[in-house]
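This report refers to the structure that appears directly beneath it.
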Amino acid sequence: MYEIVIPIIILTCLIVIFYTGFFLLYRLFKTKLYNLFGLAMFFILYGIQMTGEFFPFGVFRYILPQLCLLFLIFFVKYTFYKDSKSKIPLLVLLIFISSRILEVVYVIIYDFQLPLKNTISIELIPSFYIYITILVIEISVPMFWLGYKALITYNNLKNHDIQPWIKKRYQIIAVSAFFLGLSSYANYFLPYEGGYEAVNPIVFIFIASALLIFSFGNLFGWIMPNWLKSFFNRNYKAKEEETLSERELMDMIERKISGGNNNRNY
Amino acid sequence: MKEKYQEVITIEIINILGKNLATNLNISPPAARGLIKLSIKDQFGPFKPLSQLSYEDLKLIINQSLKKRLLNLEVVNLRTIINIMLEDLKKNQSVITMAGV
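Sequence lines, in order, name chains A and B. Numbering of the first sequence is given in the working numbering, commencing with residue 1 and proceeding in unit increments. Numbering of the second sequence is given in the working numbering, commencing with residue 1001 and proceeding in unit increments.
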């Protein structure tokens, strides 16, 4: 069954992820929001990395895996942390780089590839779990960081009178990021041999669902169609603006500031 | 419809900044938003679309044209208000991207 289901899931997610990535690249040129480059590259490289399931060698095996997360880190830094003195972006980057180096070292030394196709000897089991831990840290730290930042900003904005679809976008992105981060923990439950066919159905369903939620969550989060925006905005009333001339507006503000005693004429 | 959503980019950040400015100056939020929009016009002229304002542009507006207008209005605690607004912009900077995509 897995032989049919896995390529279908991967192909579906691939199309969705590539579409999201190229749409963001298009929006980058349209809006000049250059921080979107990191996000667009994250999706495009993630898609290319997924094709590695079909070509598990060379660049796909040693260079591309998780490289997309480096771009995600830059996106979070330049979207949430401009002018910030926080050391968190640097810390996340250092954690990512060191775990990436360790991952490559483990792949070169032990030739681990998840899920394992051929059985490994008992003495390699501790190394196998160290390798999985490295992977979990490498994937979950940047994803949880994005999810956390989106959620914190959503909480800040909750009471602001801004359009609800924007707040929803934060929630959708946070949930998608948390799901992908969480799915990396499923690696601990992968079998020691047998490839995908030997994966426990519950673990498989969890990984597949997380991947689908991540892909479609980001699709609808970033490429939110206008009907969905209108649906989220259904109870929202647009703000009324002052219809005063510049002079009238400034006069009114000055009167307010000076407690209503100002009779100055412009 | 599409254009309407594109204009949202900076309008929403103006709403957020306007709310704080209104509280600090004790004026209505629409008046505060009007003051910010006038400051944008002072800084970049009338032809720059609101949707093309970046984080850096907004920082410049707060530091220069808005500051100048508040100075002319003889606002007390000018420096504190400017700092609060810059902090507010920094805290909510992601809205520019989230509303702009």
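The beta-carbon is built from N, C-alpha and C at its ideal position, and this holds for glycine as well.
- Contact between residue 52/A and residue 115/A is absent: CB atoms are separated by about 14 angstroms, not below the 8 angstroms threshold.
- The continuous alpha helix (DSSP H) containing residue 1094/B extends over residues 1094–1100.
- Within chain B, 1031 have C-beta atoms less than 7 angstroms from the C-beta of residue 252/A, given in sequence order.
- Of the candidates 202/A, 41/A and 5/A, 202/A places its Cα closest to the Cα of residue 183/A.
- Here DSSP, grouped into helix, strand and coil, assigns residue 52/A to coil.
- For residue 118/A, no alpha helix (DSSP H) run applies, since DSSP gives it neither H nor E.
- The DSSP-derived three-state label of residue 1/A is coil.
- Under the DSSP assignment, residue 78/A falls in the alpha helix (DSSP H) whose first and last residues are 67–80.
- Taking residue 117/A as the centre and dropping the five residues before and after it, the same chain places the C-beta of 195 closer than 6 angstroms to its C-beta, in chain order.
- Close to residue 80/A, with beta-carbon spacing below 8 angstroms, are these residues of chain B in chain order: 1093 and 1094.
- Per DSSP, reduced to three states, the secondary structure at residue 87/A is coil, with no helix or strand assignment.
- Taking a beta-carbon distance threshold of 8 angstroms, residue 155/A does not count as an interface residue toward chain B.
- The count of Cβ pairs closer than 8 angstroms, one atom from the stretch 1060–1069 of chain B and one from the stretch 1078–1095 of chain B, reaches three, so the stretches are in contact.
- Between residue 31/A and residue 218/A, the C-beta gap is not smaller than 8 angstroms, which leaves the two residues out of contact.
- The DSSP-derived three-state label of residue 136/A is helix.
- Within chain B, no C-beta atom comes nearer than 9 angstroms to that of residue 235/A; the closest sits roughly 17 angstroms away.
- About 12 angstroms separates the beta carbon of residue 45/A from that of residue 75/A, a gap too long to meet the 8 angstroms contact definition.
- Taking every protein chain shown into account, the CB of residue 5/A has fewer than 16 other CB atoms within 10 angstroms, so this residue is exposed.
- With its beta carbon at least 8 angstroms from every one in chain B, residue 20/A lies outside the interface.
- Under the three-pair Cβ rule at 8 angstroms, the stretch 78–96 of chain A does not count as touching the stretch 125–136 of chain A.
- Within the stretch 1050–1062 of chain B, the residues whose Cβ lies closer than 9 angstroms to some Cβ of chain A are 1051, 1052, 1054, 1055, 1056 and 1059, listed in chain order.
- Listed in chain order, the non-local C-beta contacts of residue 112/A below 7 angstroms within the same chain comprise 106, 128 and 131, local neighbours out to five positions each way being set aside.
- Under the rule that a run must span 4 or more residues, the alpha helix (DSSP H) segments found entirely inside the stretch 157–241 of chain A read 164–183, 201–222 and 226–232.
- Neighbours of residue 36/A in chain B, taken as residues whose beta carbon is under 9 angstroms from its own, are 1097, 1100 and 1101 in chain order.
- Pairing residue 173/A with residue 152/A, the inter-Cα distance amounts to about 12 angstroms.
- Cβ atoms of residue 1053/B and residue 1035/B stay farther apart than 8 angstroms, at about 16 angstroms.
- The three-state reading of DSSP puts residue 63/A in coil, since its state is none of H, G, I, E or B.
- Each residue's CA atom was taken as its position, placing residue 170/A and residue 1014/B some 18 angstroms apart.
- DSSP places residue 243/A outside both helix and strand once states are collapsed to three, so it counts as coil.
- Using a Cβ-Cβ cut-off of 8 angstroms, residue 145/A does not count as an interface residue toward chain B, since no Cβ of chain B sits closer than that to its own.
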